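Residue numbers (my numbering), protein chains in the order written: chain A, 1 to 241; chain B, 1 to 241; chain C, 1 to 241; chain D, 1 to 241. Working notes for the structure below.
Right under this line is the structure:
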């Protein structure tokens with residue numbers, strides 16, 4: 001089970017995330033492409049950091065909503081989604097090549113990620129965008145109870161999938177995350193470490209109702225927003241060794 | 001002598017230029033990359049149009065100034081210029097590949113183009129960006145009396161050059177364009193056709209002072225903003241046959 | 001029954017709408033405030049045009065979606081909607097005062113308008129924004145069969161309402177517009193003129209099912225996108241004299 | 001001598017500055033208006049904070065350069081500058097009125113501020129914008145050796161002026177700041193406190209060449225970027241009591 005993290009989300013004069021502290025501990029860097037965060041210079045520096053620690057590079061495209069940080073669902077058409085994914089992935093991919101790197105996968109960001117998981121037409125637009133792209137790109141999506149359905153759909157268009165779980169979020173019985181507004185949605189550190197251990201050793205989570213749910217997980221999403229988050233990544237890393 | 005034109009400068013709901021009317025008559029399409037005009041969908045459609053008429057694709061990157069249409073000089077650092085060129089060229093290049101096309105050259109837009117011709121550090125940043133890019137990209141710049149100096153500088157970094165002249169603009173003795181604010185800066189149609197003929201047959205222009213100035217020109221920049229501009233392109237095309 | 005039109009939707013180098021041709025014929029100008037169209041200079045010029053023809057000025061605020069022209073619904077929170085309305089209305093209001101004008105009313109644009117009519121929390125956020133604004137602003141919304149409900153809600157917060165009908169759109173039995181994708185959604189010119197006549201003389205429309213529906217209409221929304229639209233405005237004007 | 005500070009420069013998901021920590025210690029808050037930082041919600045919250053501590057509100061307008069944080073000079077025309085100042089000031093002014101506040105003064109931001117001090121046409125455009133604004137707004141500019149010239153120019157257009165000095169920056173003999181790239185440009189804390197004391201008690205600074213230069217200063221610009229900056233403000237406050 002790999003570790004992935006959203007990085008390169010600074011913008012202009014604004015800093016976000018402890019990218020330099022996080023990069024040494026992760027396997028996959030989801031790099032913002034300028035639509036919710038990231039700008040050409042931030043992208044360049046984040047790629048250089050990924051290169052230094054030999055971390056796999058993923059594109060992290062978003063709806064065009066800078067002030068909303070890509071967190072607000074937008075009623076984009078399929079053709080708009082396809083074009084904006086191509087644009088963002090291509091921008092990062094070309095900048096990666098300048099540094100001798102290559103984009104390996106795509107993880108949609110924020111509301112685009114959430115919409116992908118619940119709106120078939122959004123999922124399909126994203127798959128189409130990846131299928132059309134001139135090089136093979138794996139799609140990172142959420143490991144849920146019905147992951148097989150997503151994989152089947154992706155497979156039809158020839159797109160491979162990485163499934164990811166969230167270290168610090170509580171799951172419901174369908175393998176979906178509890179909304180942040182619900183009590184217990186975000187796990188305490190001991191509960192988070194227990195969940196990682198269970199995912200790592202048994203390939204399952206214990207849901208909010210107490211049910212043990214099998215989840216097929218390729219990668220674990222961790223956060224690097226602050227010092228304690230970075231410390232948590234180190235402990236997760238130790239646990240998984 | 002080829003014909004090049006700035007295209008793909010529509011943005012969202014706003015249309016600019018008669019792209020479909022112009023594309024059949026030109027050899028090189030300078031396609032906006034989203035920073036002064038163009039958006040992912042406009043880029044996709046402009047590329048499809050270039051493909052239909054087998055027109056060579058050039059990236060037309062700009063300072064990040066949408067409301068100013070990239071026409072206002074901005075005090076960007078060299079590292080900012082390099083990064084924003086990489087981003088824009090890469091975005092167009094990847095989207096071109098989706099359609100089986102490739103970006104052949106780069107023509108900076110508006111104020112970035114003007115700054116390139118008069119500010120050595122801007123010219124150098126642009127050359128560096130192209131030299132670093134993983135595939136060979138020719139730089140399109142202005143044919144002036146001192147073109148050899150520019151070419152020498154470009155050559156040092158291994159960058160090839162296309163020189164372009166302007167069909168409808170009056171030249172001074174240094175091979176620079178008269179500012180639009182000056183009388184006679186924009187040629188009447190007969191004068192424009194005469195200038196094209198002279199460039200095409202004798203490789204020279206007659207400057208504002210009446211001097212005949214040799215200009216080494218690979219491509220002629222034409223405009224497609226309105227019906228009469230498109231008509232002028234047809235007449236230029238006839239003339240050059 | 002007054003005539004209102006969306007104006008000032010040009011942006012930077014891009015022109016939209018025949019504002020100078022339309023302004024002489026209308027009573028109320030809905031002026032874009034920079035979030036879906038309009039920029040400070042366009043706003044200044046549109047205000048000057050409104051002043052010249054003594055047209056009432058309305059603010060036309062939008063979701064922050066320039067590339068989507070404010071036509072895509074965005075999942076904005078109530079506090080975000082309130083703040084973005086205050087910002088846009090205030091910007092136009094202050095610029096109006098520079099020219100000795102004042103903003104009289106607010107008509108939300110595009111997806112924000114549509115969401116206002118169908119999502120109670122959006123309608124409420126808009127009403128709250130207007131109620132909090134330091135001067136009285138009337139809200140322009142759509143005349144539907146259940147207009148009284150909207151007015152009651154607005155009245156609770158002390159907000160006055162202008163109801164508007166659409167000259168060229170076919171209505172369903174609830175007084176809603178047929179979606180543009182449906183056959184017959186956009187009326188032919190003779191049908192449009194007949195609908196205007198009926199609205200003007202009898203205060204009703206004939207719906208798609210043939211039912212005569214009473215609509216209480218303060219203003220008629222017309223379009224100024226092209227020459228034939230402007231000609232239609234002139235004919236509507238003649239009809240209503 | 002008052003204390004002023006740039007505040008409200010967060011944007012969307014990005015935080016900048018310790019606004020809550022700084023507000024209690026200052027007299028004048030220069031609030032960003034959305035073009036280099038700030039968004040409608042950030043502006044609303046910053047105004048509420050200013051209200052809480054009864055701090056005078058100034059508009060802090062910028063060139064339209066979000067990714068460059070308004071720090072890059074842009075070749076804007078006078079009419080563009082006038083319009084963008086009206087837009088930004090009006091937006092903040094209207095939002096201030098919603099909270100029962102009013103904008104008292106205008107301090108241009110970053111490159112616009114620097115250009116104002118060295119380019120007469122920019123200074124003149126800014127004065128014109130303020131003179132045209134329907135309420136009296138004082139312009140905050142830099143206290144230099146030739147301040148009287150600026151005041152004379154402002155007075156011609158009926159604009160009042162606040163002159164400000166910089167606590168932590170070393171001055172040259174013309175009362176200009178040493179460029180940050182020069183050695184000694186940014187003062188150590190003891191030197192900064194000494195400069196504040198000298199400004200406060202004797203109305204002068206000691207320049208880089210050792211000359212004592214009289215400066216007429218209405219306000220002192222302090223920074224609130226980090227904990228030590230906030231601590232410095234407290235010490236300055238103590239010193240000036």
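Glycine included, every Cβ here is placed at the ideal spot set by N, Cα and C. A quick note: this is a predicted structure, and the numbers were derived from the prediction, not measured.
Item: For residue 96 of chain A, which residues from the same chain have a beta carbon less than 8 angstroms from its beta carbon, with the 5 sequence-adjacent residues on both sides left out?; Value: 47, 57, 102, 103
Item: If I follow the unbroken beta strand (DSSP E) through residue 166 of chain A, where does it start and stop?; Value: 161–166
Item: Run the CB neighbour count on residue 158 of chain D, radius 10 Å, all protein chains shown included, and call it buried at 16 or more, exposed below.; Value: exposed
Item: Kindly identify the DSSP beta-bridge partner or partners of residue 71 of chain B.; Value: Its beta-bridge partners do not exist; DSSP assigns none.
Item: For the alpha helix (DSSP H) that residue 206 of chain B lies in, which residues bound it at each end?; Value: Unbroken run through residue 206 of chain B is the beta strand (DSSP E), 204–206; no alpha helix (DSSP H).
Item: Compute the distance between the beta-carbons of residue 140 of chain C and residue 171 of chain C, then report whether it is under 7 angstroms.; Value: no
Item: With the cut-off set at 7 angstroms, would you say residue 224 of chain A and residue 18 of chain A are in Cβ contact?; Value: yes
Item: Distance, Cα to Cα, residue 206 of chain D vs residue 194 of chain D?; Value: 10 angstroms
Item: Kindly give me the distance between the Cβ atoms of residue 215 of chain B and residue 143 of chain B, rounded to whole angstroms, as I take these residues to be in contact under 8 angstroms.; Value: 5 angstroms
Item: For residue 140 of chain B, which three-state DSSP category applies?; Value: strand
Item: Note down, in chain order, every chain A residue with its Cβ under 7 angstroms from the Cβ of residue 242 of chain B.; Value: Residue 242 of chain B lies beyond the residue range present for chain B, which begins at 1 and ends at 241; the question has no answer from this structure.
Item: Assuming residue 98 of chain C and residue 86 of chain D are in contact, meaning their beta carbons sit under 8 angstroms apart, how far apart are those beta carbons, in whole angstroms?; Value: 6 angstroms
Item: CA-CA distance, residue 148 of chain C and residue 8 of chain B?; Value: 47 angstroms
Item: Bridge partners for residue 212 of chain D per DSSP, in chain order?; Value: D:206
Item: Check the C-beta distance from residue 115 of chain D over to residue 73 of chain D and give it rounded, since I have them as a contact under 8 angstroms.; Value: 6 angstroms
Item: For a quick check, are the C-beta atoms of residue 12 of chain D and residue 67 of chain A less than 7 angstroms apart?; Value: yes
Item: Could you please give the first and the last residue of the uninterrupted alpha helix (DSSP H) stretch that includes residue 6 of chain B?; Value: Looking at the DSSP string, residue 6 of chain B is not in any alpha helix (DSSP H); the run it does join, the beta strand (DSSP E), is 2–7.
Item: Can you give me the C-alpha to C-alpha distance between residue 44 of chain C and residue 31 of chain C, rounded to a whole angstrom?; Value: 10 angstroms
Item: In angstroms with no decimal places, state the Cα-to-Cα distance between residue 52 of chain D and residue 134 of chain C.; Value: 19 angstroms
Item: So residue 43 of chain A contacts chain B; which residues on that side make the cut at Cβ distance below 8 angstroms?; Value: 83, 87
Item: My guess is that residue 272 of chain D and residue 237 of chain D are in contact by the Cβ rule of under 8 angstroms, so how many angstroms apart are they, rounded?; Value: Residue 272 of chain D falls outside the range modelled here, since chain D spans only 1 to 241, and no answer is possible.
Item: Determine whether the Cβ of residue 95 of chain D lies closer than 7 angstroms to any Cβ atom of chain C.; Value: yes
Item: Rounded to whole angstroms, what's the CA-CA distance from residue 15 of chain D to residue 88 of chain A? Just pull it up for me.; Value: 25 angstroms
Item: Distance, Cα to Cα, residue 273 of chain B vs residue 196 of chain B?; Value: The requested residue 273 of chain B is not part of the displayed model; chain B covers only 1 to 241.
Item: Flag this pair as yes or no: are the beta carbons of residue 4 of chain D and residue 200 of chain D separated by less than 7 angstroms?; Value: no
Item: Residue range of the alpha helix (DSSP H) that residue 103 of chain C falls in?; Value: Where residue 103 of chain C is concerned, there is no enclosing alpha helix (DSSP H), although the beta strand (DSSP E) it sits in stretches over 103–106.
Item: What are the residues of the region 51–69 of chain D that lie near chain A, defined by any Cβ-Cβ distance shorter than 8 angstroms?; Value: 66, 67, 68, 69
Item: Between residue 179 of chain C and residue 125 of chain A, what straight-line distance do the alpha-carbon atoms span, to the nearest angstrom?; Value: 23 angstroms
Item: Given this structure, state the Cα-to-Cα distance separating residue 78 of chain C from residue 122 of chain C, to the nearest angstrom.; Value: 7 angstroms
Item: Using only CA atoms, which one of C:156, C:33, C:209, C:152 lies nearest to residue 175 of chain C?; Value: C:209
Item: Start and end of the alpha helix (DSSP H) containing residue 59 of chain A?; Value: Element bounds for residue 59 of chain A: not the alpha helix (DSSP H) but the beta strand (DSSP E), 56–60.
Item: Of the choices A:232, A:33, A:80, whose alpha-carbon is the least far from that of residue 109 of chain A?; Value: A:33
Item: Counting only the same chain and skipping the five closest in sequence on each side, list residues whose C-beta sits under 7 angstroms from that of residue 189 of chain B.; Value: 232
Item: Please go through the same chain and pick out, in chain order, the residues whose beta-carbon is closer than 7 angstroms to the beta-carbon of residue 138 of chain C, but skip the five residues on each side of it.; Value: 104, 105, 160, 161, 162
Item: Suppose the cutoff is 6 angstroms on Cβ atoms and the five residues either side in sequence are ignored; what does the same chain contact list for residue 229 of chain C look like?; Value: 223
Item: Determine the burial state of residue 39 of chain C: buried for a count of at least 16 other Cβ atoms within 10 Å of its Cβ, exposed for fewer.; Value: buried
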